[in-house]
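Residue numbers (the working numbering), protein chains in the order written: chain A, 276 to 695; chain B, 276 to 695.
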């Protein structure tokens with residue numbers, strides 16, 4: 276089985292390397308620069324000679340230059356939202372969408388989902404792409420799907436009761452919020468029909484998982500999504516709950532040391548690097564996801580020959596993930612500069628209030644801006660908050676403070692204080 | 276052609292009446308009460324003996340009692356969001372979803388969309404269902420779809436440029452906002468690849484249509500959606516732009532006088548009443564949509580044998596439609612009572628600021644609430660605004676006023692002041 280997989284991977288790697296060489300100018304010039312001839316590719320170990328693809332490459336080739344098919348064969352385009360001046364775009368052919376549905380169907384089936392299940396899918400619209408992907412998989416199985424886009428956990432709980440939901444699909448932070456609101460109601464969690472949570476979009480801790488499992492008397496499964504690769508379904512947790520299974524017929528996965536970029540041993544932390552084996556519109560070679568995980572030595576009792584790792588344990592960079600929306604401190608920096616015309620010191624405070632994740636942006640005004648009138652400051656604050664909302668689709672409060680009040684480490688202002 | 280259509284309708288009406296009689300207890304007892312035996316149905320004119328179905332019927336039979344198939348055959352469930360204590364639900368089988376895609380594909384093709392087109396679909400998440408429906412139709416044609424859920428018109432315009440969008444799908448109010456922002460930029464609208472707007476989710480005026488058409492040098496098409504029936508695609512405007520074509524092989528349409536409920540003549544205003552002919556999961560008999568239109572005497576030069584009407588000219592009731600989200604004043608009333616414990620006089624002010632539709636809720640506090648401290652009032656205001664946001668997914672500002680300041684008519688407080 277494992278050998279069959281390696282054979283499939285080899286054939287598909289050969290095909291995809293040659294296809295991107297032929298169809299994507301970016302890869303052709305990259306491979307030429309490295310003196311690589313994909314025609315000569317004959318062994319899996321040779322892949323390590325090939326250069327990585329990064330998010331920056333996707334940004335530089337925005338919007339359509341990474342596509343390996345003509346635009347008329349592309350039926351869906353997902354644009355990443357919320358990045359300042361650095362958008363990226365992912366395309367799908369009809370076959371890509373079929374594969375997306377199949378990969379998600381397989382993931383959901385491994386979690387025990389059948390056509391008798393009722394899935395309640397609730398994502399912030401920043402995670403639209405994930406909602407589409409999971410929904411297409413569930414519909415392929417024939418399960419009933421309730422796509423619902425509501426913030427209010429009380430309504431979600433009502434829907435969960437009324438519709439006899441068996442499977443709740445959401446971000447980990449939303450699940451925790453739901454659990455906190457549940458305790459304020461007279462709903463008996465054991466009287467719900469709920470069997471499982473599927474968490475997607477953010478890392479979560481073992482403690483959070485256990486809290487949800489014991490409160491709701493359910494199982495909690497992890498579904499790994501990489502927007503640049505495909506959305507959800509790249510890896511998933513099966514009913515054995517031993518960690519993430521990567522769908523290796525379709526993704527060649529390397530777990531590499533974040534600094535040396537050499538393969539790590541089982542038990543060691545590494546960055547997930549993915550080569551797509553079957554994607555038509557938007558194939559990627561050695562894409563650095565930035566997500567960190569730990570490959571496991573054990574195989575899963577489910578019998579899967581797939582690579583097994585722990586959950587995602589973090590991000591290589593300091594990306595902020597909040598309510599399923601991701602942003603970089605550098606985006607805040609750019610926005611502050613765009614609005615005020617100055618590079619201002621700032622700090623991002625993440626905290627939780629009544630179960631909801633919140634962001635406060637502390638900004639130290641320059642002397643120039645501080646000497647303005649109170650109402651001018653109020654206007655600036657309002658203006659900033661509106662721009663932040665438009666940029667990130669998140670309510671971000673702004674507070675003006677003195678520079679001395681910032682939390683520092685080794686004399687440097689900490690960009691992010693995470694008190695969640 | 277017209278006769279063929281009538282024959283198809285007759286056969287399908289017979290089948291659907293018998294099916295709901297057999298499968299849906301609500302219809303069985305209703306038909307029995309009216310002494311109707313669907314086995315005897317033999318002529319289209321007999322349908323007028325059948326009772327109407329209303330939104331209230333759907334609410335009373337929430338969540339699953341109107342379904343005509345077992346839940347395990349339902350693959351998608353759309354719940355209406357934003358209604359206080361009166362949710363409704365719509366279900367789809369796999370065949371229903373296929374039909375949804377086909378109806379939308381036909382509508383889009385009639386607007387001239389081919390696989391070379393790039394559709395940018397932008398809806399508030401309250402219109403999720405419409406986004407899904409239009410997307411499935413566009414993918415069936417093989418057009419490229421960019422589903423993007425962003426408020427910021429500047430970003431939408433950037434995407435429109437970068438992705439060479441040919442078709443913008445949005446609500447009329449969003450399109451107007453976009454046009455206003457466009458004029459503040461240095462983008463030359465004629466240099467865009469845009470060919471058409473497809474407007475969905477709200478009525479729009481001829482003036483708005485002309486404004487968009489001349490500014491962008493495009494055509495503007497109307498796509499009619501009824502959430503309870505199917506979502507988008509129930510009726511559409513073809514390239515001739517003569518009005519709405521109803522897809523009568525799948526929907527038996529009556530246009531009835533809003534008071535007498537007798538069929539109106541061409542040129543007269545009437546309410547759209549729909550009987551679904553082919554829906555499996557959630558068939559409806561003589562459903563009163565509450566939408567008003569005017570049937571036209573002319574046939575369309577496109578040769579379609581379908582019923583042709585004007586655009587939707589309004590709603591039978593005083594439903595507020597704002598940014599694609601619908602709500603009733605009665606929902607505001609209930610929410611105010613829930614939060615304050617009192618029935619408070621209020622008025623809903625709809626206005627437009629920088630092209631964006633906004634809502635201000637004016638509330639007259641009772642003596643009891645007025646004598647509280649300033650900070651208590653501030654808290655109440657904040658609390659109300661948060662609850663309103665959770666309820667309607669819309670930012671609604673609250674202002675406390677004296678009762679005397681309300682605009683009245685015949686001594687009665689006007690519930691809605693529409694200054695948009």
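A virtual CB, placed ideally from N, CA and C, is assigned to each residue, including glycine.
Enumerate in chain order the residues of its own chain whose CB-to-CB distance from residue 692 (chain B) is below 6 Å, with the five nearest sequence positions on each side excluded.
624, 682
Taking residue 665 (chain B) as the query, report the chain A residues whose CB atoms sit under 7 Å from its CB, ordered along the chain.
426, 427
Looking at the strands, I want to know which residues DSSP matches up with residue 443 (chain B).
B:395, B:472
Counting only Cβ pairs nearer than 9 Å, list the residues of chain B close to residue 309 (chain A).
What residue 309 (chain A) touches in chain B: nothing, since even the nearest Cβ is about 29 Å away.
Where residue 438 (chain A) falls: helix, strand or coil (DSSP)
coil
Am I right that residue 456 (chain B) and residue 396 (chain B) are in contact with their C-beta atoms under 8 Å? What's the rounded C-beta distance?
Residue 456 (chain B) to residue 396 (chain B), Cβ: 18 Å. No contact.
Examine chain A for any beta-carbon lying closer than 9 Å to the beta-carbon of residue 372 (chain B), and answer yes or no.
yes
Helix, strand or coil at residue 327 (chain B) [DSSP, three-state]:
coil
For the putative contact between residue 585 (chain B) and residue 571 (chain B), defined by C-beta atoms under 8 Å, what is the C-beta separation to the nearest angstrom?
7 Å
For residue 614 (chain B), the first and last residue of its enclosing beta strand (DSSP E):
Residue 614 (chain B) -> not in any beta strand (DSSP E); alpha helix (DSSP H) instead, spanning 604-615.
Take the Cβ of residue 558 (chain A) as the centre, count every other Cβ of all protein chains shown within 10 Å, and call the residue buried at 16 or more, exposed below.
buried
Spell out whether any CB of chain A is found under 9 Å from the CB atom of residue 414 (chain B).
yes
Can you look up residue 358 (chain A) in the DSSP assignment and give me helix, strand or coil?
Because residue 358 (chain A) carries a pLDDT of 41, less than 50, the predicted location of this residue cannot be relied on, and the following value inherits that uncertainty. Residue state, collapsed to three classes: coil.
Out of curiosity, what's the CA-to-CA distance linking residue 468 (chain A) and residue 304 (chain B)?
30 Å
If you measure beta-carbon to beta-carbon, which residues of the segment 330-349 of chain A are closer than 9 Å to chain B?
337, 338, 339, 346, 347, 348, 349
Find out if the Cβ-Cβ distance for the pair residue 507 (chain A), residue 409 (chain A) is shorter than 9 Å.
yes
Hey, is residue 393 (chain B)'s beta-carbon within less than 9 Å of any beta-carbon in chain A?
yes
Sequence-distant residues of the same chain with beta carbon closer than 7 Å to residue 680 (chain B), five excluded per side
none
Once the 5 residues before and after residue 283 (chain B) are set aside, which same chain residues still bring their CB inside 6 Å of it?
524
Taking residue 391 (chain A) as the reference, give the member of A:378, A:470, A:635 with the closest Cα.
A:470
Is the segment 370-381 of chain A in contact with the segment 327-346 of chain B, if contact means three or more CB pairs nearer than 8 Å?
no
For residue 632 (chain A), the first and last residue of its enclosing beta strand (DSSP E):
631-639
Using the rule of at least 16 other Cβ atoms within 10 Å of the residue's Cβ for burial, across every protein chain shown, is residue 643 (chain A) buried or exposed?
exposed
Within 9 Å (strictly less), CB to CB, does residue 407 (chain A) reach chain B?
yes
Presumed contact (8 Å Cβ cut-off) between residue 350 (chain A) and residue 419 (chain B), rounded CB distance:
6 Å
Using only the alpha-carbon positions, how far apart do residue 442 (chain A) and residue 343 (chain B) sit?
23 Å
Taking the alpha helix (DSSP H) that residue 667 (chain A) belongs to, which residues open and close that run?
649-667
Would you say the beta carbon of residue 348 (chain A) is closer than 8 Å to some non-hydrogen atom of the ligand GTP?
Among the components modelled here there is no ligand, and therefore nothing to report on the ligand GTP.
Are residue 536 (chain A) and residue 327 (chain A) close, meaning C-beta to C-beta below 9 Å?
yes
Mark residue 589 (chain B) as exposed unless 16 or more other C-beta atoms lie within 10 angstroms of its C-beta, in which case mark it buried.
exposed
Quick one: what's residue 510 (chain A) bridged to in DSSP?
A:499, A:521
Going along chain A, which residues have a C-beta under 8 Å from residue 419 (chain B)?
346, 347, 349, 350, 351, 352, 366
If contacts are defined as beta-carbon pairs under 8 Å, then residue 437 (chain A) and residue 665 (chain B) qualify, I think. What distance do you get, rounded to the angstrom?
In fact, because the Cβ distance is near 18 Å, the residues do not count as touching under 8 Å.
Extent of the continuous beta strand (DSSP E) to which residue 562 (chain B) belongs
562-568
Drop a sphere of 10 angstroms on the beta-carbon of residue 288 (chain A), count the other beta-carbons inside from all chains shown, and report buried for 16 or more, exposed for fewer.
buried
Inspect the beta-carbon positions of residue 635 (chain B) and residue 607 (chain B) and report whether they are closer than 9 Å.
no
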